[in-house]
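If you want it as structure tokens, here you go:
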């Protein structure tokens with residue numbers, strides 16, 4: 005259901021949340037329940053002439069990112085989906101720059117970096133100005149600046165000082181004379197501010213430390229906090245969980261989360277006695293990392309020893325007996341939770357030989373059917389605000405900036421029963437693939453299906469199949485048949501894909517809209 009930005013306003017109307025009720029099928033006919041089903045409607049945000057683009061952040065209805073231009077440069081962009089006819093706006097570059105990239109947005113303020121002779125210059129761009137233009141915010145005296153985040157009028161990042169050091173900074177756009185404030189580096193040479201929420205800034209600094217896990221004559225990183233509203237503002241080291249390093253990954257109110265000594269941590273600056281809290285690991289795992297936090301709920305992932313078999317987790321700091329809880333695998337896939345807003349968790353999963361795919365998990369729901377984002381070609385989710393997720397998805401040979409509008413629908417929703425079918429042998433003959441229908445049952449609907457090559461090839465390993473699948477009135481299940489060929493060659497496991505597209509009669513695609521069929525290794 006890919007749409008251009010101009011179509012988003014008209015599409016949102018029929019997807020509004022509606023209560024569950026029963027609709028009559030006519031005099032003397034059966035009644036069908038109209039339960040709502042969560043879906044994601046993709047919105048192609050376009051590009052600036054160079055086909056490739058990607059969104060990095062969203063605030064309200066404003067989406068920002070970067071796009072390749074017709075001149076083969078990359079420029080920062082903004083799109084306001086609340087406009088009557090949304091369009092991608094080229095934010096340009098600072099004077100003399102070759103490229104620019106928007107990294108964050110707050111209200112009408114867009115921030116990012118622009119390269120001048122390969123030297124980064126931090127910028128701000130106010131979309132609400134009468135004559136908006138990209139403005140260089142300068143540096144701490146050393147010539148370069150990288151912006152990392154913005155909240156309200158506060159911009160944070162890292163900048164080179166006149167002494168050649170790299171220090172965390174804050175830049176207040178609301179000041180009478182805005183200027184870059186050096187936050188220091190706790191006596192070290194290097195620090196960077198990565199997050200800001202209200203008056204709280206979080207980041208890291210680097211120094212040579214002594215102790216368990218520290219490398220002699222090598223820099224290690226430790227998380228810091230800086231409260232701009234304190235009577236005597238200063239950089240505070242958050243410490244570690246017993247090892248040498250710690251690093252922040254998320255900030256919400258007074259709570260900072262991150263990673264230290266192989267475990268996820270949370271640090272509440274508002275606690276009576278602030279201290280780094282070890283969030284532990286999932287059962288049977290040895291490693292965990294927090295990715296984000298919102299209103300005391302932390303998300304991230306936990307692994308056995310490294311990036312081999314990640315499982316997404318959620319941890320409610322305000323629960324009576326807080327504990328790390330697995331969000332569950334998506335049909336057996338490896339998952340990571342990468343962001344959270346309210347009850348919606350951003351997750352990514354990797355399917356064998358199919359790369360990374362984005363989806364969302366509703367903590368308020370039963371979690372039995374996550375909402376998939378993108379297509380079988382791959383997708384990445386970068387940020388979420390309310391019901392709007394932004395990132396990029398693979399379309400026609402390029403990654404394109406994409407927004408996904410999360411909604412509940414009463415329409416008929418068509419999807420495969422599972423993401424990966426049971427493995428079959430070459431001598432199986434054929435495999436039947438179940439397609440299910442939820443939502444309204446009071447009308448006949450159709451959907452297109454098609455087999456696609458992956459490691460298995462049509463004509464050699466299976467017989468290509470495509471066509472239209474029809475669900476009659478009241479029908480909840482149909483099947484697609486794929487014939488498997490025995491090619492009498494010794495070979496490893498192979499797989500093909502089956503995809504759904506073009507639902508008709510006001511039906512929509514659900515999750516998953518594609519599935520894998522695996523053929524076991526040949527015994528010849």
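Residue numbers (this note's numbering): 5 to 528.
C-beta atoms are modelled at their ideal positions from N, C-alpha and C, and glycine is treated no differently.
Residue 485 is positioned such that its CB atom lies no closer than 9 Å to that of residue 42.
Where residue 324 is concerned, there is no enclosing beta strand (DSSP E), because DSSP gives it neither an H nor an E. Residue 323 counts as exposed, since fewer than 16 other beta carbons sit within 10 angstroms of its beta carbon. Comparing alpha carbon positions, the residue from 337, 126, 456 closest to residue 467 is 456.
Put simply, the backbone Cα of residue 458 is about 37 Å away from that of residue 108. Shown here for residue 345: same chain residues with a beta carbon closer than 8 Å to its own, the five before and five after excluded, namely 298, 388, 389, 390 in chain order.
Cβ contact annotation for residue 201 (same chain, cutoff 7 Å, sequence separation greater than five): 155, 255, 256, 257, in chain order. Distance from the CA atom of residue 510 to the CA atom of residue 449, rounded to whole angstroms, is 8 Å. In terms of CA proximity to residue 73, 57 leads the group 63, 57, 84, 86.
Within the same chain, 296, 350, 388 come within 6 Å of residue 343 by CB-CB distance, once the 5 residues on both sides are set aside. Taken atom to atom, the span from the alpha-carbon of residue 303 to that of residue 403 is near 27 Å. Secondary structure remark: continuous beta strand (DSSP E) runs of at least 3 residues inside the segment 423-473, in chain order: 434-442, 449-457. If you draw a 10 Å sphere on the C-beta of residue 525, you find fewer than 16 other C-beta atoms in it, and that means exposed.
Using a Cβ-Cβ distance cut-off of 8 Å, the segment 194-210 and the segment 223-239 are in contact, since at least three pairs of beta carbons, one from each stretch, lie closer than that value. Inclusion of residue 68 and residue 86 in the CB contact set at 9 Å is not warranted, their separation being larger than that value. By the Cβ criterion, the segment 121-134 is in contact with the segment 96-106, since at least three pairs of Cβ atoms, one from each stretch, lie closer than 8 Å. A direct Cα-Cα distance of roughly 52 Å separates residue 164 from residue 504.
When C-alpha distances from residue 368 are compared across 353, 347, 400, 160, the shortest belongs to 347. By the neighbour-count definition (other C-beta atoms within 10 Å, threshold 16), residue 313 is an exposed residue. For residue 186, the enclosing beta strand (DSSP E) begins and ends at 184-188. For residue 263, the enclosing beta strand (DSSP E) covers residues 259-264. Taken atom to atom, the span from the alpha-carbon of residue 232 to that of residue 116 is near 22 Å. The Cβ atoms of residue 523 and residue 433 lie no closer than 9 Å to each other. By the Cβ criterion, the segment 394-401 is not in contact with the segment 429-445, since fewer than three pairs of Cβ atoms, one from each stretch, lie closer than 8 Å. By the neighbour-count criterion, in which 16 or more other beta carbons inside 10 Å mark a residue as buried, residue 359 falls on the exposed side.
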